[in-house]
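Engineer:
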Amino acid sequence: MTAAAAPATASLLEVSDLRVQFRSRRRTVHAVNGVSFAIGEGETVGLVGETGCGKSATVRAIIGLLKSPGRVTAGAVRLEGTDLVGLQPRQLRQIRGARIGFVPQNPFGALNPVLRIERQFRNVIRAHGRGRRGEIRSTALDMLDAVGIADPERVLRGYAHELSGGMAQRVVIALAMILNPRLVVADEPTTGLDLTIQRQILDLIRDLAETEGRSMLLVTHDVGVVAQYCSRVLVMYAGQVVEAGPVRRVLTDPAHPYTEALLAAVPRRGERLVGAQGTVPTLLELPPGCFYYDRCQYRSDPRCATEAPSLREVGPEHWAAVHYDKGAGIRLPAASASAAPSDADSAPGDM
Amino acid sequence: MRYRTGAIAKRLLFIPVAVFIVITLAFGLVNLTPGDPALVIAGDLAADEQVAEIRAELGTDKPVPQRYAAYVRELFTERSLGTSFFTKRPIWDEITQRFPDTLELVVLGLLGAVLYGSLLGTLSSYFRRRWPDTLSRTSVTITQSIPDFFMGLLLIYVIFYIIGWAPAPVGRIGLLDRPPDRVTGAVILDTLIARDWGLLKTAFHHAMLPVVTLALFYSSHFAKTTRAVLSRALNSDQVEFARACGLSELRVVGYAFREARTPVVTYIGILFAALFGGAAIVETVFAWGGLGQWAIDAMLKLDVPAIQGFILVVGLLTLLVYLLLDLIVVALDPRVSYE
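Note that the protein sequences, when read in sequence, are chains R and P. Final position of the first sequence in my numbering is 351; the numbers increase by one with none missing. Final position of the second sequence in my numbering is 1339; the numbers increase by one with none missing.
1) Return the CA-CA distance between methionine 351(R) and isoleucine 136(R), expressed in angstroms with no decimal places.
2) Answer with yes or no whether the minimum CB distance from leucine 1250(P) to chain R is below 7 Å.
3) Could you work out which residues of chain P lie near phenylalanine 102(R), taking near to mean beta carbons separated by less than 8 Å?
4) Tell me whether glycine 329(R) sits in a helix, a strand or coil according to DSSP, three-state version.
5) Got a sec: is the Cβ-Cβ distance from aspartate 1237(P) to anything in chain R below 7 Å?
6) Determine whether the beta carbon atoms of glycine 101(R) and proline 181(R) lie at a separation below 7 Å.
7) From leucine 12(R) to leucine 1216(P), what distance separates their C-alpha atoms?
8) Based on DSSP bridge pairs, tell me the residues matched to phenylalanine 102(R).
9) Cβ of valine 1187(P) within 7 Å of Cβ of arginine 1172(P)?
10) In angstroms with no decimal places, state the Cα-to-Cα distance between leucine 332(R) and tyrosine 298(R).
11) Report the three-state DSSP secondary structure of valine 20(R) (helix, strand or coil).
12) Does isoleucine 136(R) get closer than 7 Å to chain P when you measure Cβ to Cβ?
13) In whole angstroms, give me the CA-to-CA distance for valine 1019(P) and leucine 1316(P).
14) Below 7 Å on C-beta distance, what does histidine 128(R) contact in chain P?
15) Go ahead and label histidine 1206(P) buried or exposed: buried means 16 or more other beta carbons lie within 10 angstroms of its beta carbon, across all protein chains shown.
16) Which residues in chain R sit within 7 Å of tyrosine 1218(P), going by Cβ to Cβ distance?
17) What residues of chain R sit near arginine 1258(P), judged by a beta carbon separation below 9 Å?
18) Excluding five sequence neighbours on each side, which residues of the same chain lie with their C-beta closer than 7 Å to the C-beta of arginine 1098(P)?
19) Quick check: what's the CA-CA separation for serine 1136(P) versus valine 1212(P)?
20) Scan the stretch 1316 to 1338 of chain P for residues whose Cβ lies nearer than 9 Å to a Cβ of chain R and list them as they occur along the chain.
21) Any idea what DSSP makes of alanine 160(R), helix, strand or coil?
22) Between lysine 67(R) and valine 219(R), is the Cβ-Cβ spacing less than 7 Å?
23) Under a Cβ-count criterion, where at least 16 other Cβ atoms within 10 Å of its own Cβ denotes burial, should proline 1210(P) be classed as buried or exposed?
24) Taking only heavy atoms of the ligand MG into account, decide whether any of them is closer than 6 Å to the Cβ of phenylalanine 1150(P).
25) For a contact defined as C-beta to C-beta under 7 Å, what are the partners of tyrosine 1255(P) on chain R?
26) With a threshold of 16 other CB atoms inside 10 Å of the CB of alanine 334(R), please say whether the residue is buried or exposed.
27) Smallest Cα separation from leucine 1252(P): which of Thr1262(P), Asn1235(P) and Tyr1267(P)?
28) How big is the Cα-Cα spacing for arginine 1335(P) and proline 1063(P)?
29) Using a Cβ-Cβ cut-off of less than 7 Å, list which residues of the stretch 135 to 167 of chain R approach chain P; keep chain order.
30) Can you pull the DSSP bridge partners for valine 354(R)?
31) Contact criterion: CB-CB distance below 7 Å. Does leucine 12(R) meet it with respect to chain P?
32) I'd like the span of the beta strand (DSSP E) that includes histidine 1205(P), first residue to last.
33) Please go through the same chain and pick out, in chain order, the residues whose beta-carbon is closer than 6 Å to the beta-carbon of alanine 127(R), but skip the five residues on each side of it.
34) Going straight from the alpha carbon of glycine 329(R) to that of valine 314(R), what length do you get?
35) Strictly under 7 Å for the Cβ-Cβ distance: is arginine 1002(P) near chain R by that measure?
36) If you draw a straight line from the C-alpha of arginine 23(R) to the C-alpha of threonine 51(R), how long is it?
Here it is, written out as structure tokens:
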């Protein structure tokens, strides 16, 4: 399973069989259930799935910031060979910000409301012992300039509440990348921003990653964003990666019924919107068979109900956790018509 | 900034109205409640004529509106709060003599309460549901369920009587000590000015138990406020992002604490104003000789000008503190603007 979802180049980040549980006295939520993937140097990987599928927990586990009572119960997160899971808090702290940059969802919430922006830059740079006296300010100014802030001097002097949403997210991105991390993890970085600004911010993140050859994990629930900005995509469902592969292949010829349903839920002109049927399992108790069994239109194989499918190669570099074989012709005509349209190359990207 | 100055100006305009309300309340609370000071002064055995004579002397035989007019006139033309029915000294002198003592007690007690309470609250929220949290919450439950006078007596019993670490609760300094030359009226400050280090030590020693009593009793307010606000702040996006940027935990807690700053400062202001009367019982237990102790005494004796003066001074002080509080909150939080 570790070989699954491997990048073409040498991998910078390697997540293997990651499991995360949120345990309280009364119940245990199995948020992440054996997630494995890798991100290569300079590669942008999309992580899609609906709310509650374990995207956020996966990301928090990678940067070591799971909120209590969440805990990594098994698996490894290797950054350039070092496993981050067993690391001391102090060592992990030195990696966060310096080697992994994190771009969060809500830029207003992310900035400290009562500290001047300059202080926040200073604190981040100082936390990693970088930047000599007098250099910090110019480093911050350069970075703000690089993220397209028109008047960096004024922004440095000001506070978070004086910024617009787009500007705040630019400042956050500048803070996340000021120490030139090799890996950027962006957790739905455009949620809550205007549509026009969403595009600018995503373009900016991509440009910043590309020019410096950074790798990126882009978490989103928007298939269109994946189509436009990522080279590979991981589809998550109920705490598992159910399909992984090059964006073009996965989006045009999805092998997992959940991916198909996700694509069918993207609005397209002149077509009836098809939502996925049923709901996600509660993750309190893991079902014995396939997690998607209850919602699956294709369930036919006797193993579907009893044995959890693991990722297997269904095409070149294309992996899916399914028992059935599409080649055997088990497809429903209605679903396939909307799920795998011939114009999918461009369609999902255009919102 | 434009909104802010406007808001402050509006706030200042309100002051004269508030002052007038305080003046009237001070009068009304004392003069419209039952009880005849002349009867208290004359004693049980006095004849009716004697009581009437005393009434005439005090001016309490006149109707209320007339007394109110006289009180306000005296206040503004002679800047006088009147004289005590009993000591015949001007109320203003009585108050200024005792004010510094209470100020010292309240400042030190609040300082202790803020430090101890915020520490408890911070430990509690940072180590949520672990042993420091349990310890802190136990402390809060205990200190807030013991009344302040009882806590004072308990401390006297244990720390003075049994262990012997504290001196007897006889006031600011020992009974045989010569007080420092009066400069500010505050004993600790005056010993500092006089460079009388031995006496300074004595003064601190005597201040220990009353300050600890106040600090323990009021620490629960700060502990609970800090815990509530900090718990929320430690779960906020800004704290997660600060951690994601690799900031140290100390710095992260510092980021979170800045959100708790405003409510804590607000509490300090409110308690500061309230304690000028509220510390009365602790002052009495420790024979502190402060404003509160004097006011209780005046109330028991129905010394009308003294009670009026006390309410007025504490009321005006409260107005002043609240005004300062507003200014401090605006200065602390760049987002606040009273629009």
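We put the CB at the ideal spot given by N, CA and C, even for glycine.
Structural biologist: Let me spell this out:
1) Residue confidence for methionine 351(R) is low, a pLDDT of 38 falling below 50, so the modelled location carries little weight and cannot support an answer.
2) Closer than 7 Å to the CB of leucine 1250(P) there is not a single CB belonging to chain R.
3) Neighbours of phenylalanine 102(R) in chain P, taken as residues at a C-beta separation under 8 Å, are given in chain order as Phe1241, Ala1244 and Cys1245.
4) Confidence in glycine 329(R) is poor, its pLDDT being 44 and thus under 50, which makes the residue's placement too unreliable to answer from.
5) Aspartate 1237(P) counts as touching chain R.
6) Inclusion of glycine 101(R) and proline 181(R) in the CB contact set at 7 Å is warranted, their separation being smaller than that value.
7) Roughly 54 Å separates the two Cα atoms.
8) Beta-bridge pairing links phenylalanine 102(R) to Val185(R).
9) Result yes, Cβ atoms of valine 1187(P) and arginine 1172(P) sit closer than 7 Å.
10) Note that leucine 332(R) scores a pLDDT of 40, beneath 50, so its modelled location is shaky; the value from the coordinates is reported in the next line. Spanning the alpha carbons of leucine 332(R) and tyrosine 298(R) requires a straight line of approximately 7 Å.
11) Looking at valine 20(R) - three-state DSSP - the assignment turns out to be strand.
12) No, its Cβ sits nowhere closer than 7 Å to a Cβ of chain P.
13) In a straight line, the C-alpha of valine 1019(P) is about 7 Å away from that of leucine 1316(P).
14) Among the residues of chain P, those whose CB is under 7 Å from the CB of histidine 128(R) are Gly1246, following chain order.
15) Buried, because 16 or more other Cβ atoms sit within 10 Å of the Cβ of histidine 1206(P).
16) Taking a Cβ-Cβ threshold of 7 Å, none of the residues of chain R is close to tyrosine 1218(P); the smallest such distance is about 26 Å.
17) What arginine 1258(P) touches in chain R, judged by beta-carbon distance under 9 Å, is Asn112, Pro113, Val114 and Leu115, going in chain order.
18) Excluding sequence neighbours, arginine 1098(P) sits near Gly1289, Gly1290, Leu1291 and Trp1294.
19) Answer to the nearest angstrom: the Cα atoms are 17 Å apart.
20) Residues are counted here when their Cβ sits less than 9 Å from a Cβ of chain R; for the stretch 1316 to 1338 of chain P these are Leu1332, Asp1333, Pro1334 and Arg1335, given in chain order.
21) Three-state DSSP puts alanine 160(R) in a helix.
22) No, these two residues do not count as a Cβ contact at 7 Å.
23) In the assembly as shown, proline 1210(P) is a buried residue. Its beta-carbon has 16 or more other beta-carbons within 10 Å.
24) By its list of ligands, the structure shown contains no ligand whatsoever, and the ligand MG lies outside what it can speak to.
25) Neighbours of tyrosine 1255(P) on chain R, chain order: Asn112.
26) In this prediction, alanine 334(R) has a pLDDT of 38, which is less than 50 and means its spatial position is unreliable; what the coordinates show is noted afterwards. Label assigned to alanine 334(R): exposed.
27) For the sequence presented, residue 1252(P) should be read as valine rather than leucine. In terms of Cα proximity to valine 1252(P), the closest of Thr1262(P), Asn1235(P) and Tyr1267(P) is Asn1235(P).
28) Our two residues, arginine 1335(P) and proline 1063(P), have alpha carbons roughly 52 Å apart in a direct line.
29) With the criterion set as a beta carbon lying under 7 Å from some beta carbon of chain P, the members of the stretch 135 to 167 of chain R are Tyr159 and His161, in sequence order.
30) Nothing can be reported for residue 354(R): it is not among the residues displayed for chain R, which extend from 1 to 351.
31) Look at leucine 12(R): its C-beta is not under 7 Å from any C-beta on chain P.
32) Histidine 1205(P) -> not in any beta strand (DSSP E); alpha helix (DSSP H) instead, spanning 1197 to 1234.
33) Taken in chain order, the list of residues that qualify is empty.
34) With a pLDDT of 44 at glycine 329(R), under the threshold of 50, the predicted position of this residue should be treated as unreliable, and no value is reported.
35) Caution applies to arginine 1002(P), whose pLDDT of 48 falls short of 50 and renders its modelled position unreliable; the model cannot decide the point.
36) The alpha-carbon atoms of arginine 23(R) and threonine 51(R) are separated by roughly 20 Å.
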